[in-house]
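Read left to right, the sequence shown gives residues 1 to 364 (this note's numbering).
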Amino acid sequence: MQHPPRIAVIGAGPAGLTAALILHRDGHRVSVYEGEASGQQRTQGGTLDLHDDSGQVALQRAGLLEAFRAVARHEGQEVRMGDPWSGEITTGGFGPEGSKDKPEIDRGDLRQLLLDALPAETVQWGHSLTELVPAQTNGHSLRFANGVQREADIVIGADGAWSKVRAALSACQPLPTGITFFEGWIERPAADIAAMVGQGSLFCFGGEEALFVQRNSRDRLCVYAALKCSSEWLDAQIAEHGMRTLVTGRYAGWAPNLRRVLEACTDFVRRPIYSLPADFHWPPRDGVTLIGDAAHLMPPVGVGVNLAMLDASDVAMALCARPDAISAMHDAEAVVCERARALMPDAIEGFQRWFITERDAPSG
Numbered sequence: 001m002q003h004p005p006r007i008a009v010i011g012a013g014p015a016g017l018t019a020a021l022i023l024h025r026d027g028h029r030v031s032v033y034e035g036e037a038s039g040q041q042r043t044q045g046g047t048l049d050l051h052d053d054s055g056q057v058a059l060q061r062a063g064l065l066e067a068f069r070a071v072a073r074h075e076g077q078e079v080r081m082g083d084p085w086s087g088e089i090t091t092g093g094f095g096p097e098g099s100k101d102k103p104e105i106d107r108g109d110l111r112q113l114l115l116d117a118l119p120a121e122t123v124q125w126g127h128s129l130t131e132l133v134p135a136q137t138n139g140h141s142l143r144f145a146n147g148v149q150r151e152a153d154i155v156i157g158a159d160g161a162w163s164k165v166r167a168a169l170s171a172c173q174p175l176p177t178g179i180t181f182f183e184g185w186i187e188r189p190a191a192d193i194a195a196m197v198g199q200g201s202l203f204c205f206g207g208e209e210a211l212f213v214q215r216n217s218r219d220r221l222c223v224y225a226a227l228k229c230s231s232e233w234l235d236a237q238i239a240e241h242g243m244r245t246l247v248t249g250r251y252a253g254w255a256p257n258l259r260r261v262l263e264a265c266t267d268f269v270r271r272p273i274y275s276l277p278a279d280f281h282w283p284p285r286d287g288v289t290l291i292g293d294a295a296h297l298m299p300p301v302g303v304g305v306n307l308a309m310l311d312a313s314d315v316a317m318a319l320c321a322r323p324d325a326i327s328a329m330h331d332a333e334a335v336v337c338e339r340a341r342a343l344m345p346d347a348i349e350g351f352q353r354w355f356i357t358e359r360d361a362p363s364g
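Dropping the structure here:
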């Protein structure tokens, strides 16, 4: 291994960029490889709440906590609940964790905050990893879809649900949860819809259908219509009726005010929800580790990005603090895996409980 080691981070999401920034601030040579052509290639999804015991800890370690708090939406912590059948909205709550400090930020804004703190050349855009193999000398060889090949002593896999780094360590693949989100946006919500959602998020649970609405920056609303059904059924229905008709039709029995939210959306994007097994682990390999969804993909229950950023900061801080990079990584990896094993079962089970119907409920 070279000294200082050549460090490659795969994936320029919040986790990968957090790791890269902490390492950069400590003087390490680090390159981030990202398959997207640029930071503006696609919409980065909805809003994120960063917890004071995880996501904000990571930003503190990266030197960005104050910058985050200056742009975060502290009022966005408000949670409202909607009754699917009556349309009644219950207001004034701050979620099951009470007044815990969890300000909101758009995913794209968080990514840009991290990118702006890194030298421009750190992120190599248009580099989609296809294979990770041992190098002919020491270290690891990274092969990309654009034909480029690079070598690194340390590889941090932050490449998400379908991680190529994970594929080099394990044959385990994410499993379908049976739930599909349809993401839509309301760029200029009508006054009644905006008032219904409030400053934060609106949650409505109706058995095999749920509706989640999040206020984002510039008053835009991100809408998720969540359906419990098989992918085969969805394929057939979309082919026959089209996606918008399918989505709005599933909510035909819901209250008119909630149906108006769906009718106001732009075109929907289909997002099947997957999860790794609750007991997933991978065989250790010197110089390679996983963080975030690559390590513990779980359903979207408000934990994922916080856990991913904490993973990133733990691994990066270990590499900064100890001269023996291999043993430092193994120790940090053990922390990442142990923390995920403690959270995964409840996250998976809790997500499924959102979609329980009378026929699913235990009898007696």
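Glycine included, every Cβ here is placed at the ideal spot set by N, Cα and C.
Everything numeric in this text was worked out from a predicted model, so none of it was measured.
Within 10 angstroms of its Cβ, does residue i collect 16 or more other Cβ (buried), or is it exposed?
{"i": "S99", "result": "Reliability of the predicted coordinates at S99 is poor, the pLDDT of 48 falling under 50, and the value obtained from them is presented with this limitation in mind. Exposed."}
{"i": "W254", "result": "buried"}
{"i": "N216", "result": "buried"}
{"i": "S275", "result": "buried"}
{"i": "C172", "result": "exposed"}
{"i": "N138", "result": "exposed"}
{"i": "W282", "result": "buried"}
{"i": "E104", "result": "buried"}
{"i": "P14", "result": "buried"}
{"i": "G27", "result": "exposed"}
{"i": "V148", "result": "exposed"}
{"i": "G55", "result": "buried"}
{"i": "A19", "result": "buried"}
{"i": "S163", "result": "buried"}
{"i": "E333", "result": "buried"}
{"i": "P96", "result": "Note that P96 scores a pLDDT of 44, beneath 50, so its modelled location is shaky; the value from the coordinates is reported in the next line. Exposed: under 16 other Cβ atoms inside 10 Å."}
{"i": "E131", "result": "exposed"}
{"i": "D53", "result": "exposed"}
{"i": "Q2", "result": "exposed"}
{"i": "D49", "result": "buried"}
{"i": "N306", "result": "buried"}
{"i": "V9", "result": "buried"}
{"i": "R73", "result": "buried"}
{"i": "H241", "result": "exposed"}
{"i": "Q136", "result": "exposed"}
{"i": "V336", "result": "buried"}
{"i": "A168", "result": "buried"}
May I ask which residues mark the beginning and end of the beta strand (DSSP E) holding residue i?
{"i": "R80", "result": "79-82"}
{"i": "R6", "result": "6-10"}
{"i": "V30", "result": "29-34"}
{"i": "D49", "result": "47-49"}
What span of residues does the alpha helix (DSSP H) with residue i cover, start to end?
{"i": "I326", "result": "325-353"}
{"i": "D109", "result": "107-116"}
{"i": "L17", "result": "14-25"}
{"i": "V57", "result": "55-61"}
{"i": "L65", "result": "65-71"}
Rounded C-beta distance between residue i and residue j? I'm assuming under 8 Å.
{"i": "L21", "j": "L114", "result": "6 Å"}
{"i": "V261", "j": "L211", "result": "7 Å"}
{"i": "P299", "j": "I348", "result": "6 Å"}
{"i": "V223", "j": "I186", "result": "6 Å"}
{"i": "R250", "j": "E209", "result": "5 Å"}
{"i": "H51", "j": "G287", "result": "With a Cβ gap of about 30 Å, H51 and G287 do not count as contacting."}
{"i": "P345", "j": "D153", "result": "Actually they do not touch by this definition, with Cβ atoms about 35 Å apart."}
{"i": "L129", "j": "L17", "result": "Between L17 and L129 the Cβ distance is about 16 Å, and since that is not below 8 Å, they are no contact."}
{"i": "V380", "j": "L290", "result": "Nothing about residue 380 can be reported from this structure: the residues present for the chain run from 1 to 364 only."}
{"i": "T367", "j": "D106", "result": "Since the first and last residues shown for the chain are 1 and 364, residue 367 lies out of range."}
{"i": "M317", "j": "R61", "result": "6 Å"}
Against chain C, with Cβ distances strictly below 8 Å, would residue i count as a contact?
{"i": "V303", "result": "In summary, chain C is missing from the structure at hand, where a single protein chain is found."}
Return yes when at least one heavy atom of the ligand FMN lies under 7 Å from the C-beta of residue i, else no.
{"i": "V197", "result": "The model on display carries no ligand, and the ligand FMN is accordingly not part of it."}
(message) Count Cβ pairs between the stretch 185-194 and the stretch 152-165 that sit closer than 8 Å; are there 3 or more?
(response) With a cut-off of 8 Å, the stretch 152-165 and the stretch 185-194 do not count as touching, because too few Cβ pairs lie within range.
(message) Is it the case that the stretch 32-39 contacts the stretch 124-132, given that we only count it when at least three CB pairs across the two stretches are under 8 Å?
(response) Yes, the stretch 124-132 touches the stretch 32-39.
(request) Would you check if there are 3 or more beta carbon pairs closer than 8 Å linking the stretch 263-272 to the stretch 241-254? (result) Yes, the stretch 263-272 touches the stretch 241-254.
(message) My parser needs the beta strand (DSSP E) runs of 3 or more residues fully inside the stretch 192-279; what are they?
(response) You should have 201-205, 209-215, 221-228, 269-275.
(message) Below 8 Å, how does it come out for the stretch 310-318 and the stretch 175-183: are there three or more Cβ pairs, yes or no?
(response) Result no; under three Cβ-Cβ pairs closer than 8 Å.
(request) Pick out the complete beta strand (DSSP E) segments inside the stretch 274-324, 3 residues or longer, and give them in chain order. (result) Within the stretch 274-324, the complete beta strand (DSSP E) runs of at least 3 residues are 288-290.
(message) Is it the case that the stretch 339-355 contacts the stretch 293-311, given that we only count it when at least three CB pairs across the two stretches are under 8 Å?
(response) As far as the Cβ criterion goes, the stretch 293-311 touches the stretch 339-355, which means the pair count is three or higher.
(message) Quick check for students: name the residue ranges of the beta strand (DSSP E) that lie wholly in the stretch 118-182, counting only runs of 3 or more.
(response) Whole beta strand (DSSP E) segments, 3+ residues: 123-125, 129-134, 140-144, 149-152, 154-157.
(request) Could you say if the stretch 199-207 and the stretch 71-89 meet the contact criterion of at least three C-beta pairs nearer than 8 Å? (result) Yes: the two stretches touch, three or more of their Cβ pairs being nearer than 8 Å.
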